[in-house]
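Residue numbers (my numbering): 186 to 273.
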């Protein structure tokens, strides 16, 4: 089972405190256009998935897998998401 939430990135590490825990759910708006229905062409072009480590094949595949999981099994996706949030 693919983990949905990311708890450690260079940017997140800078924002974590003793009282605030940040997590990120990376999906793929370019793989599934419905993820960001109102996005302009400029928004899609400047999307964070086009920069840094987000361009790597592991990151791309993980985003696509999560996005596919959400589309194909939304109820199970939400159960897993809620479980991961409770553990974060």
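Just so you know, even glycine gets a beta-carbon here, dropped at the ideal spot from N, CA and C.
Treat the numbers as computed from the prediction; the structure is a model and nothing was measured.
- In the DSSP annotation of this structure, the continuous segment of the alpha helix (DSSP H) that includes residue 270 starts and ends at 259 to 272.
- In this structure, 200 is the residue among 261, 241 and 200 with its C-alpha nearest to the C-alpha of residue 209.
- Each residue's CA atom was taken as its position, placing residue 194 and residue 238 some 10 angstroms apart.
- Counting only the Cα atoms, residue 273 lies some 7 angstroms from residue 206.
- At a Cβ-Cβ threshold of 7 angstroms, residue 249 and residue 213 count as neighbours.
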